[in-house]
Amino acid sequence: MPSIEITSEQHERFAAIRKELAAAHAGEYTSVQSTDVMAYLLDIAEAADDPTAVSDGKSETTAQDDGEDTTDVVDEGRDISATDEEAADDDGASSGGPGMLNLLDDHEEKWREGDGDARYEVDLPDGGTKTARTRDDVKAILFKHY
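Residue 645 in my numbering is what sits at position 89 of the sequence shown, and the numbering runs on without skipping anything.
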């Protein structure tokens with residue numbers, strides 16, 4: 557795989573984004589790799605460059621946190637903020653925050669508590685429904701499909 561050189565400041569920002577993504581999307585048995593962070597940042601850049609994208613003024617793209625209040629501005633000009641509650645909550649119930657962290661609030665009409673074995677249900681754009689065990693799983697589904 558090709559490598560890139562970044563400054564130590566950029567490395568710190570990259571590591572913070574990685575930790576934030578891991579806190580929101582990586583479960584107990586998963587992790588977020590550097591390639592995942594790079595793909596995430598490239599997706600943000602692509603979305604920012606898309607002139608046909610419609611925005612309601614709410615950002616849907618940021619990362620998760622490393623346990624302390626941080627605000628980083630990535631090269632694409634988006635703020636990445638996080639709070640301690642998201643990382644500390646075992647079942648993923650979070651108070652939200654900018655972008656990725658408030659996906660639950662931004663899309664509250666697209667998910668609900670489930671009746672069966674799964675705690676939550678998420679309505680998909682194609683009309684289907686996907687189940688999730690935790691709010692972090694709900695966030696991951698919302699991020700993937702919306």
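Note that the Cβ used here is the ideal one computed from N, Cα and C, for glycine as well.
According to the DSSP assignment, residue 671 belongs to no beta strand (DSSP E), since it is labelled neither H nor E.
Beyond the five residues adjoining it in sequence on each side, residue 676 comes within less than 8 Å, by CB distance, of 667, 668, 669, 670, 687, 688, 689, 690, 691, 693 and 694 in the same chain, given in chain order. In the three-state DSSP reduction, residue 568 falls in the helix class (H, G or I).
Residue burial annotation: residue 596 is buried, with at least 16 other C-beta atoms found within 10 angstroms of its C-beta.
Secondary-structure assignment with DSSP links residue 605 through no beta bridge to anything.
In this structure, residue 574 places its C-beta atom within 8 Å of the C-beta atom of residue 593.
Just so you know, the alpha carbons of residue 561 and residue 701 end up roughly 32 Å apart.
Within the DSSP bridge table, the entry for residue 678 names 667 and 686 as partners. Taking C-beta atoms under 8 Å as the contact rule, residue 581 and residue 674 fail to qualify, at a distance of about 18 Å. Here residue 577 is buried, its C-beta having at least 16 other C-beta atoms within 10 Å. DSSP places residue 576 in the helix class (H, G or I) of the three-state scheme. Note that the C-beta distance between residue 659 and residue 598 is not below 8 Å.
DSSP, read as helix, strand or coil, puts residue 582 in coil.
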